[in-house]
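**Q** When we follow our numbering, the leftmost residue of the sequence shown carries the number 133, and every step to the right adds one.
Quick reminder that beta carbons are idealized off the backbone N, C-alpha and C, glycines included.
Since the structure is predicted, the reported quantities are computational estimates derived from the model, not experimental observations.
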Amino acid sequence: MTTAGMFTDSEILEYLQGSNEKELFDKAYRCLAEGLGTTVLYRGLIEISNYCRNNCLYCGIRAGNTSASRYRLDKKEILGCCKRAVESGYGTFVLQGGEDNRHSIEWLENLVKTIHSEYPNHTITLSLGEKSKDDYIRLYEAGARRYLLRHETATRQHYYQLHPDSMSFENRMECLRNLKEIGYETGAGMMIGSPYQTYNHLLSDLRFLENFQPDMVGVGPFINADNTPFSDYTNTLLAPDDEASVRLTLRVIALVRLLVPKANIPATTALFTLGKSITMDECVKTGANVRMFNVSPENAKEKYNIYNGKSDGK
Ligand code: SAM
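Written out as structure tokens, the structure reads:
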């Protein structure tokens, strides 16, 4: 299997900036083909709530966005989504949401247990943000086996350009270590072209991922979200326009494939939102191997606006 352990920092920086893009994509595709294989894995995404106590500066469902129209699915609705996912042939349910204060650990534990007992052969993935180690253990014991928690940025200073001081870089990183230690298949990742991001930040992200070796890595372009502090922001260095942002995202996917060869890497909804004509086949050619389809009810899909123009994954 091809590995990228031989890449120096300057080689990674050159690839990030677009040198030898075809060579990079070919290497990443070969790595995928020889390692995991090129069969695309499908997941059913269920957006369970857009209430969030956090105030990530980039996110459309941040607590401070008083214009957001809020919803939370009840247990029956979530089980309906699972049924839809099963009918569509998806083997994994991904339950994602904001950090909703009303979701007590007991409620979540009960939800996961019910899904697990109704669909014992399906995998339950959670993406519900930062929790205590004890809570992560309880959800694991209830039947969840994967957890997606993007690290967002591996550079402490950059973290606080994207998040308020009330949030904690150290805690996010500790959550990731805890998840791995508990035995979850753990997912990390970051946005591409996020505010103030530089190529050196991306290099640090890639070195972090290489070192942490997560089981899943989610990378997608940053997209403006109305009514947020970054609603009009453009990262003129990394992503001056949509096309540049999409190309850089594909190059990062390829580098992640080479640095974390066994990771499942989705072609994200954000990538398809910004790259309107991009196909899954093109994403596979750069090393991606997962696609998530949104099986949430239509009125929930409309309200889970973490960024503008979100595609429903079709
Ligand atoms: N609350 C959970 C968490 O914090 O991990 C999961 C939900 S959160 C909305 C999922 C991901 O959406 C974040 O990790 C972030 O990278 C991404 N996201 C949020 N706002 C975005 C934006 N404006 N553009 C692109 N991705 C965004």
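1) Could you pull out every residue in the same chain whose Cβ sits closer than 7 Å to the Cβ of residue 265, ignoring the five residues on either side in sequence?
2) Flag this pair as yes or no: are the beta carbons of residue 352 and residue 401 separated by less than 9 Å?
3) Less than 9 Å between the C-beta atoms of residue 425 and residue 177, yes or no?
4) From which residue to which residue does the beta strand (DSSP E) around residue 223 run?
5) Of all the beta strand (DSSP E) runs that stay within the bounds of the stretch 228–274, which reach a length of 3 or more residues?
6) Classify residue 134 as helix, strand or coil using the three-state DSSP reduction.
7) Give the DSSP-derived three-state secondary structure of residue 174 in the structure shown.
8) Could you give the first and the last residue of the continuous beta strand (DSSP E) run that contains residue 318?
9) How about residue 191 and residue 261: are their beta carbons less than 9 Å apart?
10) So what's residue 181 in DSSP terms, helix, strand or just coil?
11) Using only the alpha-carbon positions, how far apart do residue 138 and residue 342 sit?
12) Count Cβ pairs between the stretch 207–227 and the stretch 164–171 that sit closer than 8 Å; are there 3 or more?
13) Between 174, 187, 404, 258, which has its C-alpha nearest residue 382's C-alpha?
14) Compute the Euclidean distance between the alpha carbons of residue 220 and residue 331, then round it to the nearest angstrom.
15) Measuring CB to CB, does residue 231 end up less than 9 Å from residue 205?
16) Any chance the CB of residue 451 is under 8 Å from a heavy atom of the ligand SAM?
17) Let me know the secondary structure DSSP gives residue 423 once reduced to three states.
18) So is the beta-carbon of residue 323 under 8 Å away from any non-hydrogen atom of the ligand SAM?
19) Between residue 356 and residue 289, what straight-line distance do the alpha-carbon atoms span, to the nearest angstrom?
20) How about residue 384 and residue 395: are their beta carbons less than 9 Å apart?
21) So, helix, strand or coil for residue 348, using DSSP?
22) Where does residue 280 sit, in a helix, a strand or coil, going by DSSP?
23) Which partner residues of residue 353 appear in the DSSP bridge assignment?
24) Compare the C-alpha of residue 199 against each of 252, 360, 378 and name the closest.
25) If you draw a straight line from the C-alpha of residue 256 to the C-alpha of residue 146, how long is it?
26) In angstroms with no decimal places, state the Cα-to-Cα distance between residue 316 and residue 186.
27) The ligand NAD and residue 307: does the residue's C-beta get closer than 8 Å to at least one heavy atom of that ligand?
**A** According to the structure data:
1) 310
2) yes
3) yes
4) Boundaries for residue 223: no beta strand (DSSP E) harbours it, and the DSSP string shows neither H nor E there.
5) List check, beta strand (DSSP E) in window: 255–259.
6) The predicted model places residue 134 with a pLDDT of 44, which falls under 50 and marks its position as unreliable; any figure quoted below should be read in that light. Coil, per DSSP.
7) Three-state DSSP puts residue 174 in a strand.
8) According to the DSSP assignment, residue 318 belongs to the beta strand (DSSP E) that extends over 317–324.
9) Residue 191 is not a Cβ neighbour of residue 261, given a cutoff of 9 Å.
10) Shown here, residue 181 sits in a strand according to DSSP, grouped into three states.
11) 12 Å
12) no
13) Among 174, 187, 404, 258, the Cα nearest to that of residue 382 belongs to 404.
14) 39 Å
15) no
16) Nothing about residue 451 can be reported from this structure: the residues present for the chain run from 133 to 446 only.
17) Of the three classes helix, strand and coil, the one that applies to residue 423 here is strand, per DSSP.
18) yes
19) C-alpha of residue 356 to C-alpha of residue 289: approximately 21 Å in a straight line.
20) Their beta carbons are not under 9 Å apart, which means residue 384 does not touch residue 395 by this criterion.
21) strand
22) strand
23) 324
24) Residue 199 has its Cα closest to that of 360, out of 252, 360, 378.
25) 38 Å
26) 24 Å
27) For the structure depicted, the ligand NAD is absent and the ligand set comprises only the ligand SAM.
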